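Numbering (the working numbering), first residue to last: 6 to 214.
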């Protein structure tokens, strides 16, 4: 199964300007990222895993490997703030699944579900801030959305990565070695957005959601 790791440049949103991390709406739907109400910024790591074989064909506008594509997108914040609310060391995860027999891009806004999991150690103000940022950086992919608060953990041992989303699920993966050394990277695929402009390709060894 597919897994990717991305460490984006500092993502920022100022006032009512379009968030620099908002993905391009390649599906052409009316669904778009909602603007955050406070200036914010964050830097850290993005970990992602899905059902598809790597590299995930969905990022290239193709049909998923299986009947649908579903998985986790986990953001781990090293440094960040939403207005005056600090977000250092917190995380949030989006978990969703596209409809059967459709590409991810053409199905945006009509997925079977799109759940947001927020780090349970966040304060009430931090929870509100993370929710605003989560919906601002990626549009809602489904009419079925929920927000829940769970423990979110991440461990990295060399090229081995593991993410756990409470009792909901998680994944283990390893970065793929490139033929010329180093890790394999995907740069600017057709489905790219500012959070997925370039990422390291991985392979998932275990996956639940």
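From the three backbone atoms N, C-alpha and C, an ideal C-beta is built for every residue, glycine too. Predicted model, so just to flag it, every value in this text is computed and none were measured.
| request: Kindly indicate which three-state DSSP category residue 104 falls into: helix, strand or coil? | output: coil
| residue 132 classed as buried or exposed, judged by whether at least 16 other C-beta atoms fall within 10 angstroms | buried
| request: List the whole-angstrom C-beta distance separating residue 154 from residue 125, where the pair is believed to meet the contact cut-off of C-beta under 8 Å. | output: 4 Å
| said: Please classify residue 84 as buried or exposed, where buried requires at least 16 other C-beta atoms within 10 Å of its C-beta. | reply: exposed
| request: Below 6 Å CB to CB, which residues in the same chain sit around residue 78 once its five sequence neighbours on both sides are set aside? | output: 53 and 99
| Using the beta-carbon count (16 or more within 10 Å), is residue 196 buried or exposed? | buried
| field | Where residue 185 falls, given that 16 or more other Cβ within 10 Å makes a residue buried | value | exposed
| query | Helix or strand or just coil, what does DSSP make of residue 148? | reply | coil
| request: Give me the Cα-Cα distance between residue 122 and residue 97, rounded to the nearest whole angstrom. | output: 6 Å
| message | Do residue 115 and residue 252 count as a contact pair if the criterion is CB distance below 8 Å? | response | Nothing can be reported for residue 252: it is not among the residues displayed for the chain, which extend from 6 to 214.
| Are residue 95 and residue 200 closer than 8 Å when you measure CB to CB? | no
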